[in-house]
Every structure is written in C-alpha cells, then in structure tokens.
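Q:
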Ligand SMILES: [Zn+2]
Ligand SMILES: [Zn+2]
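Residue numbers (the numbering used here): 1 to 395.
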C-alpha cells in the first residue's frame with residue numbers, strides 16, 4: 001500500500017496569455033486528481049488528468065505535461081526536470097507560488113529565478129543578509145519557504161565566468177585607439193575570434209567601448225543598467241562580463257555596487273539585458289510594482305501596481321506577494337521531496353496546481369471520516385493522527 005496519498009487540485013484559466021494565470025478571476029475550470037503511483041499530470045485544452053508515463057504517447061489533442069511525480073524509497077518526489085520525463089513531449093515549467101507557502105513568504109538566495117507576472121529576474125548576488133544553503137540538492141515540501149529552489153551558485157555567473165586570455169606581446173596596434181603601447185596596466189589582448197590587425201585591443205579601450213553601450217538609470221535607491229548585445233561587431237563573439245588576463249580577473253563591464261548591503265537582479269535576454277542593483281543599506285523593505293511609488297518600478301502590464309515586497313531582515317531577504325493579479329513565483333530548479341501533512345501550490349503555464357500530501361485512508365480512518373461532510377481541519381488532523389498510530393502498529 002502507498003505510504004502517501006497526494007491530492008492535486010488543478011485550476012486552469014481559460015485564457016492563453018504568455019503562460020499567465022489570473023489569480024483574481026473565476027473564469028476557470030477545476031479538477032481534483034488523486035495520485036497513488038508514479039504519474040504525470042497532463043493538460044489537454046482545459047482538461048487536466050493524471051496518466052502513467054507509458055500511456056502518455058497514446059494521448060491525443062496536444063497534451064502538455066504540467067508535473068511529474070516519481071517515487072524514491074517511500075516518498076513521492078515532484079520532478080524539476082519535466083523535459084526529461086518523456087522525450088519530445090510538450091511541457092510547462094513549474095513555479096512555486098509564494099502566496100501558497102506556509103508563511104506566505106520565501107527566503108531569496110543567489111540562483112533563484114523570481115517571476116512577477118511575466119517578468120523574470122535571476123538573483124545574481126546578495127551581499128549582507130543571510131541566504132539559504134543553496135547547495136542542498138533535494139528540497140522538502142514542508143520547508144519550501146526556507147528557500148534554495150534556484151540551484152547552485154554557478155548561476156552567479158553564466159555570463160561572468162572569466163574567460164582566460166593571455167596578454168599579447170606582439171607589436172600589433174589596438175584596433176580602437178590605433179596605438180601599440182603594451183604595458184602591464186593596460187595590456188593588448190585578443191578577446192574575440194577576430195585576427196590580424198582587427199584582433200588586438202587594449203583592455204582599457206575595450207572597457208570604455210563596452211561602457212558606452214550600457215545605459216544607466218536610477219530610481220530611488222535602485223540603479224539600472226541596460227544594454228543590447230555586447231558582441232564584437234565583426235565576429236559577433238559575445239563578450240563575458242569578466243575575463244582572466246595573466247592570472248588576474250578583470251571586469252569588462254563595470255557595475256557600481258554599494259559598499260555592503262545590496263541585491264543584484266538580472267532580467268531580459270541576450271538581446272536586451274538589464275541589471276538592477278538595489279541598495280539595502282538602512283532599509284527594512286523594498287516595494288516592487290508597476291506603480292510610481294514602488295522602490296523598484298517594473299513597467300509591465302502583467303505586473304500589479306503594488307505587486308510584492310522584499311522584507312530585509314537579519315535572517316535574510318524574504319519576498320511576499322501583495323495579492324497581485326498574476327502572482328509572484330519562484331522557478332523550481334530542484335526536485336521537491338513531498339512530506340506528509342504538507343501542502344503547497346505550483347503554477348505551470350495557465351494552470352495552478354494545489355498539491356497536498358496526506359496519509360492514505362485506513363479502514364478505521366474512513367469509518368470515522370465518512371458521513372460527516374466537511375470536517376474541520378482540526379478534526380481531520382485528529383483522524384489522521386489516529387490512523388498514523390494504527391498503521392504504525394500494523395493493524
Ligand atoms: Zn587602445
Ligand atoms: Zn571579433
């Protein structure tokens with residue numbers, strides 16, 4: 001007999017709009033699904049059902065995978081990598097709904113991807129406040145609010161992984177300033193795939209050229225850096241934000257950081273990227289939203305005027321959703337081990353999944369529970385406690 005019973009309540013918004021789910025509308029369709037074995041939760045139009053992995057290929061009408069449950073030892077696990085579940089299947093990325101967590105808040109860590117409406121931000125750097133232990137590889141549904149969903153800090157980086165470059169001793173001249181002086185402070189380097197006279201540039205000249213492509217803005221205590229692609233105009237090589245020259249890491253892109261307490265968020269694509277640097281010094285909270293009184297303004301129609309707040313405490317940065325229309329979400333990049341007596345919500349595209357994990361009904365528990373209609377939570381808890389005791393005695 002299964003050790004856990006998973007109930008999934010699926011609510012699908014009728015409108016297809018950039019994978020958004022409207023938390024304010026009743027224009028939706030609901031399903032209640034019981035999961036007793038390894039299975040996939042699948043949407044076909046507005047219908048949501050659970051199927052065994054082996055049956056997925058038989059489904060018609062463009063099935064989309066919303067969630068994948070597998071078993072490890074006695075526990076069910078919610079998989080973070082649905083794309084690996086069935087080859088070639090269409091799937092939606094799973095996100096944890098912050099408002100659905102026990103404390104309605106989530107502890108932010110480096111590597112987390114935060115989504116407000118349809119705008120996504122990666123947490124690049126937190127300096128000052130504490131973070132969750134991001135190295136944990138499996139998270140527990142009981143303690144999701146403690147953070148760490150974002151994966152390893154390797155993402156502190158992607159674009160900032162230093163590329164190793166050797167200073168050039170050859171006597172070519174710089175393609176920008178046309179001079180050929182080459183000293184330790186401002187060496188000539190060959191940073192891209194270009195060769196010959198076009199392949200050599202001073203570090204200082206390259207830094208100034210990249211800086212000229214970056215637009216700087218500020219609003220209250222938030223500095224915003226925006227740029228279109230930072231590619232070599234000739235060979236299209238994408239410049240990293242840091243390079244490694246003669247054993248020294250050198251910043252190609254200069255982002256001004258406050259001295260101690262700050263948070264750096266990155267958004268956008270390679271074509272148009274933004275970096276937000278939030279100064280947290282002497283602050284207790286930062287308001288995020290589309291409204292003019294927000295500390296960090298996000299001018300997107302899917303973002304509510306007062307969308308979310310980041311609370312700055314000694315124990316960390318906690319984000320809270322302010323009943324926004326399209327929700328505040330954290331990307332699930334790690335598998336979640338489902339703990340007994342816990343519940344949480346995930347959003348996958350335009351479907352909200354409310355997941356709760358309980359003990360399976362024993363005969364005794366069923367007799368107690370039947371015919372009572374809607375039990376109060378307290379009573380449910382009491383019944384479960386009794387069944388827990390019974391099953392541990394093997395009755
Ligand atoms: Zn130069
Ligand atoms: Zn080039």
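Even glycine gets a Cβ: it sits at the ideal position worked out from N, Cα and C.
Can you look up residue 333 in the DSSP assignment and give me helix, strand or coil?
A: coil
Q: Quick check: does the Cβ of residue 232 come within less than 7 Å of any heavy atom belonging to ligand 2?
A: yes
Q: Residues in its own chain within less than 7 Å of residue 335 by CB, not counting five upstream and five downstream?
A: 77, 78, 79, 80, 138
Q: Looking at ligand 2, does it come within less than 7 Å of residue 121, judged from the CB to the closest heavy atom?
A: Flag unset: Cβ of residue 121 not near ligand 2.
Q: Would you mind sorting residue 15 into buried or exposed? The rule is 16 or more other CB atoms within 10 Å of its CB.
A: exposed
Q: With distances taken from each beta carbon to the nearest heavy atom of ligand 1, which residues come in below 5 Å, in chain order?
A: 174, 176, 177, 202, 205
Q: Could you give the DSSP three-state label for residue 58: helix, strand or coil?
A: helix
Q: Along the chain, where does the beta strand (DSSP E) that runs through residue 210 open and close?
A: Here residue 210 belongs to no beta strand (DSSP E); instead the alpha helix (DSSP H) covers 203-212.
Q: Taking 7 Å as the cut-off, is the CB of residue 237 close to at least one heavy atom of ligand 2?
A: yes
Q: Are any of the Cβ atoms in chain D nearer than 8 Å to that of residue 209?
A: In summary, chain D is missing from the structure at hand, where a single protein chain is found.
Q: Assuming residue 265 contacts residue 121 (C-beta within less than 8 Å), just tell me the rounded distance between them.
A: 4 Å
Q: Please determine, among 242, 104, 333, 226, the residue with the shortest C-alpha to C-alpha distance to residue 203.
A: Minimum Cα distance to residue 203 is reached at 242.
Q: Can you find the residues in the same chain that come closer than 6 Å, C-beta to C-beta, to residue 33, ignoring five residues on each side of it along the sequence?
A: 8, 50
Q: Quick check: the Cα distance between residue 350 and residue 20, rounded to an integer number of angstroms?
A: 5 Å
Q: Does the segment 319-330 come within contact of the segment 100-108, defined as at least 3 CB pairs closer than 8 Å?
A: yes
Q: Could you have a look at residue 101 and say whether DSSP puts it in helix, strand or coil?
A: Coil at residue 101, not helix or strand.
Q: Given the structure, does residue 192 come close to ligand 2, in the sense that its CB is under 7 Å from one of the ligand's heavy atoms?
A: yes
Q: Can you have a look at residue 259 and say buried or exposed, based on whether 16 or more other CB atoms are within 10 angstroms of its CB?
A: exposed
Q: Just to confirm my understanding: we take residue 206, look at its own chain, exclude 5 residues before and 5 after, and list those with CB closer than 7 Å. What are they?
A: 191, 252
Q: Between which residues of its own chain and residue 156 is the CB-CB distance below 8 Å, once the five residues before and five after are set aside?
A: The predicted position of residue 156 is uncertain, since its pLDDT is 40 and thus under 50; a value taken from the coordinates is nonetheless stated next. Within the same chain, 110, 111, 124, 125 come within 8 Å of residue 156 by CB-CB distance, once the 5 residues on both sides are set aside.
Q: Counting pairs of beta carbons, one from the segment 169-187 and one from the segment 213-228, are three or more of them closer than 8 Å?
A: no
Q: So, helix, strand or coil for residue 28, using DSSP?
A: strand
Q: Report all residues from its chain with a CB closer than 8 Å to the CB of residue 61; omit the five preceding and five following residues, and keep chain order.
A: Excluding residues within five positions, the ones whose Cβ falls inside 8 Å are 44, 45.
Q: To the nearest angstrom, how far is the alpha carbon of residue 315 from that of residue 262?
A: 15 Å
Q: Report the three-state DSSP secondary structure of residue 294 (helix, strand or coil).
A: coil
Q: Ordered along the chain, which non-local residues of its own chain (more than five positions away) have a Cβ less than 8 Å from that of residue 213?
A: 227, 228, 230
Q: Measure the alpha-carbon distance for residue 324 versus residue 136 and round it to whole angstroms.
A: 30 Å
Q: When burial is assigned at 16 or more other CB atoms within 10 Å of the CB, is residue 216 buried or exposed?
A: exposed
Q: Would you list the residues sitting across from residue 44 in a DSSP beta bridge?
A: 47
Q: Given this structure, state the Cα-to-Cα distance separating residue 54 from residue 119, to the nearest angstrom.
A: The straight-line gap separating the alpha-carbon atoms of residue 54 and residue 119 is approximately 35 Å.
Q: Between residue 116 and residue 326, what straight-line distance do the alpha-carbon atoms span, to the nearest angstrom?
A: Computed Cα separation, rounded: 7 Å.
Q: Mind checking whether residue 64 and residue 95 have CB atoms under 8 Å apart?
A: no
Q: Near residue 4, which residues of its chain fall below 8 Å by C-beta distance, leaving aside the five closest residues on each side in sequence?
A: The residues are 74, 75, 76, 338, 340, 357, 358, 359, 360.
Q: How would you call residue 270, buried or exposed, if buried means at least 16 neighbouring beta carbons within 10 angstroms?
A: exposed
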